[in-house]
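Participant: Before anything else, here's the structure in question.
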Amino acid sequence: MKTTLKTNITIQDICEGFVYNELEGKGLFGLAGKLTIQPEYQRNYIYAETNKEAPVIESVLKGYPLGLIYFNKVSETNLEVLDGQQRITSLGRFITNKFAIKDENGMEQYFSGMAKEKQNRIFETPLLIYECEGTESEIKEWFKTINIAGIPLNNQELLNAVYSGQFVTLGKEEFSNSQNSHIQKWSAYVKGSANRQDFFERALDWVSKGKIGEYMSRHRNDDNISEIKTYFNSVIDWVSSVFTDVEREMCGLEWGRLYEEYHKNSYSSATVAKQVQKLYADPYVKNRKGVFEYILGGSTDTKLLDVRVFDEATKKSVYASQTKTAKGKGMSNCSLCAIGHDANKNKIWDLKDMDADHVTAWSRGGATDSKNCEMLCKTHNRAKGNR
Ligand SMILES: [Zn+2]
């Protein structure tokens, strides 16, 4: 790969003919059309939402360096930005009056309203640019190893770069477009933002059963995304039809796995809604995120709910009173040992050899308080299991 350092290109040059696409959230062209600011393998513009665009302009005004920028020389007349897209888009958006910065007096100032002298200071600032020439794979390999200053690429952004092509372009159009009207619905179940590829990543994760890279590689040159789109929508439609009330804890659950496990069962959404409400109102349920899988699985696996257990003080006091009564009667302090016919019939167990048991099981409405607590020897407690 060949690189050439350019020091004579100014911000004015770069921003000549700057076009910003609001719909896609992308800076498109600069250098009078010669420069493609956001090639396919670049992520969306995220400086605006992370409050990083004003500091870019302030740095320029103070004469601070903006850091190295890398271009890929695609042909004699065409360049594309490898690294620096966020900074260039900030410059272009400022010069086209898309956002304001605060001046010395704390007043909002757009580029067009600035003193000529300040405008010129921005325009005349040269940038440090490396122009690189190499094969697509060289460039991509190298792009993988650089991290954009400030905000490193996340995993999905890297995968998009590595497997760039038709499929990624179409996938991003659907899942990484913050203007997509479905985003609000998706956000109830999937954590993250469109711009940072979180929906695309989840859709890929679900359809590929976790093998995202493999799936992207196999579908790289597909001219459609119907499989991933259909699958993603099936999962979302299924969740929203089974659980008609949207709860905060639903966001970020493994809906792809739950769909695979349970979508063939039938559920009454009215009954399910009542079950959810009941569990949400139950003070003994510690893990609300587990409520949904618990219901899907037929309300049997109480481990998912992390039901509150008896505290040490309760166990000690129940143990003390149980043991006192048992000693008075000359019987075991484990009620199940006491009614048995072996040597443990009269055994007084130590506290450490006993466990607390719900007399009425929690799943049948039994409370986790001393009135519903009985100490049993470990063997009998285990044998009773989770009634
Ligand atoms: Zn026992």
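Residue numbers (my numbering): 679 to 1065.
For every residue, glycine included, the Cβ atom is placed at its ideal position computed from N, Cα and C.
None of these values were measured; they are calculated from a predicted model.
1) Under the criterion of a Cβ to heavy atom distance below 7 Å, does Cys1012 qualify as lining ligand 1?
2) Helix, strand or coil: which one does DSSP assign to Arg1065?
3) For the candidate residues Val697, Gly703, Leu739, Ala726, whose alpha-carbon lies nearest to that of Thr714?
4) Would a C-beta distance cut-off of 8 Å place Ala1034 and Lys993 closer than the cut-off?
5) How would you write the range of the beta strand (DSSP E) that Thr681 sits in, first residue to last?
6) What is the residue span of the beta strand (DSSP E) that Asn750 lies within?
7) Would you identify the three-state DSSP class for His897, choosing helix, strand or coil?
8) Do Thr847 and Thr688 come within 8 Å of each other at the CB atom, strictly closer than that value?
9) Consider the C-beta atom of Cys1051 and the heavy atoms of ligand 1; say whether any pair is separated by less than 7 Å.
10) Please go through the same chain and pick out, in chain order, the residues whose beta-carbon is closer than 7 Å to the beta-carbon of Asp876, but skip the five residues on each side of it.
11) Buried or exposed: which applies to Val1037, given that a residue is buried once 16 or more other Cβ atoms fall within 10 Å of its Cβ?
12) Considering Cys1015, what are the terminal residues of the alpha helix (DSSP H) in which it resides?
13) For Gly828 and Ala732, what's the separation of their Cα atoms in angstroms?
14) Let me check you understand the geometry: is the CB of Thr1057 closer than 7 Å to at least one non-hydrogen atom of ligand 1?
15) Tell me which residues share the same chain as Asp691 and place their Cβ nearer than 7 Å to its Cβ, disregarding the 5 neighbours each side in the sequence.
16) For Gln716, is the classification buried or exposed, using 16 other Cβ atoms within 10 angstroms of its Cβ as the cut-off for buried?
17) Given a threshold of 16 other Cβ atoms within 10 Å of its Cβ, counted over all protein chains shown, does Asn1064 qualify as buried or as exposed?
18) For Asn775, does the count of other Cβ atoms within 10 angstroms reach 16, so buried, or fall short, so exposed?
19) Decide if Met785 is buried, meaning its Cβ has at least 16 other Cβ atoms within 10 Å, or exposed.
20) Excluding five sequence neighbours on each side, which residues of the same chain lie with their C-beta closer than 8 Å to the C-beta of Lys712?
21) Taking 8 Å as the cut-off, decide whether the C-beta atoms of Ile807 and Val738 are in contact.
22) Which runs of the alpha helix (DSSP H) at least 4 residues long sit entirely within the stretch 829-882? Give them in chain order.
23) Ligand 1 and Asn1022: does any heavy atom of the ligand fall closer than 7 Å to the residue's C-beta?
24) Within the stretch 719-796, note down every full beta strand (DSSP E) run reaching 3 residues or more, in order along the chain.
25) Could you give the first and the last residue of the continuous alpha helix (DSSP H) run that contains Ala1004?
26) In chain order, which beta strand (DSSP E) runs of at least 3 residues are fully inside the stretch 1037-1064?
27) Indicate whether the contact test is met: 3 or more Cβ pairs, each with one atom in the stretch 884-893 and one in the stretch 907-916, closer than 8 Å.
28) DSSP on Thr978, reduced to helix/strand/coil?
29) When burial is assigned at 16 or more other CB atoms within 10 Å of the CB, is Arg1042 buried or exposed?
Facilitator: Well, looking at it:
1) yes
2) Low confidence applies to Arg1065: its pLDDT is 44, below 50, so where it sits in the model is not reliable, and the reading given next is rough at best. If DSSP states are grouped into helix, strand and coil, Arg1065 belongs with coil.
3) Val697
4) yes
5) 680-684
6) 747-751
7) helix
8) no
9) no
10) Val868, Lys869, Gly870
11) exposed
12) 1013-1016
13) With a pLDDT of only 46 at Gly828, under the threshold of 50, the placement of this residue in the model should not be trusted, and no figure is reported.
14) yes
15) Leu709
16) buried
17) Note that Asn1064 scores 48 on pLDDT, short of 50, meaning its location in the model is unreliable and no value can be drawn from it.
18) exposed
19) exposed
20) Thr755, Asn756, Leu757
21) no
22) 833-840, 844-853, 861-865
23) yes
24) 747-751, 757-761
25) 990-1007
26) 1051-1055
27) yes
28) coil
29) exposed
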